[in-house]
Amino acid sequence: MKLYTEQQEEKEEEILGPFDLIVGCDGVNSIVRSSMVDEMTGRTKKEESSSGITRFESVVTRLPGEFKVVQADKMPSNVDPKSVSLIIPGGAFVEPTDRHGGCCILFSSSSRRKRSKNKEKENPLIYETQNKTAILESLAKLFPKWENLYETITEQLMSQTKPGTASSVQCNTYHYQNKTVLVGDAAHATGGVSGQGVNSALMDSVILSQCILSNNNNETETLPLAQKLLQYSMQQVPEGNALYDLSFGPNPTKGIRKVQYTLRTIRDFVFGGRYFGIGKPILQTRLTTKLEPFVNIRRELDKYYDEPFPCDSRLNERLLEIHNNCYK
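The sequence shown begins at 10 in my numbering and counts up one residue at a time.
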């Protein structure tokens, strides 16, 4: 594993620094994760295919669509200030950002822009950077009750000359030997679909620190760092996998499951557990406002997925196997 380099402000030279542990909290395009992949590609493919050995693996998938994000010092009208909200049919996510009523709003398109002479079919909220009137008209049509935010939104949308894109990240483990460990979007990302990027990254950080500090006060039973990182992966990889499943939802092959899941979603949207105990808060609200483990929510929805979520013992066995294989 390569040592990290640190660029000094006063000097133009790079200094190689010794380290105890590299923590990759560098996002979707993580250099640390790439280094872990590079370390694994040094093994011969023939060796892995013949022995069935599985080591660290990651999958990065570019998601469809493009987006722009704006910030506002107050919530739009008729939007719950305590939870992430999806506004239909406008295609906007509204997420509260502070206790004073501020929020960020993500506007998205369902597909990437295609070169076309017919610009009337393009979403002006995403692609217009010069025609202010077109943006205001689109806002008035899609979000008629947000009039007090039109100017703020329009100004910020026009200042973003290029829309953003998102990717999902999946890793089969979050550490490599006793050298590196991944946190947040570097380990798992859903492209903002669930609005849980910051929350899950904070939880990763807390669990990682707890695992590293565990048994440090017991001189006779202090665990090796590699074992502590394994504990971290055993706790957080299932959470990352469960959040991925919940974010993109079930896609059952049997039609009856699709119907059942759709009806459940409608029930929760209408009642949300507020009336006569019918239903539960919608998934976005549960993920944002509750401390339920993502794994528990995913298992609660097992019947809507083609495959049930693996049990803890099976997951831990798999992670232990990957951990041991990284030393071979």
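Yeah, the Cβ is synthetic: ideal placement off N, Cα and C, and Gly gets one too. Quick caveat, the model's predicted, so the values are computed rather than measured.
- The shortest CA-to-CA distance from Val79 to any of Glu104, Glu330, Arg308 and Leu217 is the one to Glu104.
- In the three-state scheme derived from DSSP, where H, G and I count as helix and E and B as strand, Gln169 is classed as coil.
- Tyr284 and Asn87 have their C-alpha atoms spaced approximately 19 Å apart.
- Listed in chain order, the non-local C-beta contacts of Tyr241 below 7 Å within the same chain comprise Tyr183, His184, Val190, Ile216, Leu217 and Cys220, local neighbours out to five positions each way being set aside.
- In this structure Phe28 is exposed. Its beta-carbon is surrounded by fewer than 16 other beta-carbon atoms within 10 angstroms.
- Residue pairing from DSSP places Cys180 in a beta bridge opposite Ser67.
- Annotation: Thr274 to Gly281 spans about 9 Å, alpha carbon to alpha carbon.
- Secondary structure of Lys77 (DSSP, three-state): strand.
- Counting only runs that start and end inside the region 94 to 154, the alpha helix (DSSP H) elements of at least 4 residues fall at 133 to 136 and 141 to 151.
- The bridge partners DSSP lists for Tyr185 are Thr189.
- The beta carbon of Leu148 lies closer than 6 Å to those of Tyr159 in the same chain, with the five residues before and after it left out.
- For the set Val246, Gly286, Pro247 and Lys312, the Cα lying nearest the Cα of Ile265 is the one of Lys312.
- Classified as buried, Gln205 has 16 or more neighbouring CB atoms from the shown chains inside 10 Å of its CB.
- Ile306 is classed as buried because its beta carbon has at least 16 other beta carbons within 10 Å across all chains shown.
- Under the DSSP assignment, Ile291 falls outside any alpha helix (DSSP H); it carries neither an H nor an E label.
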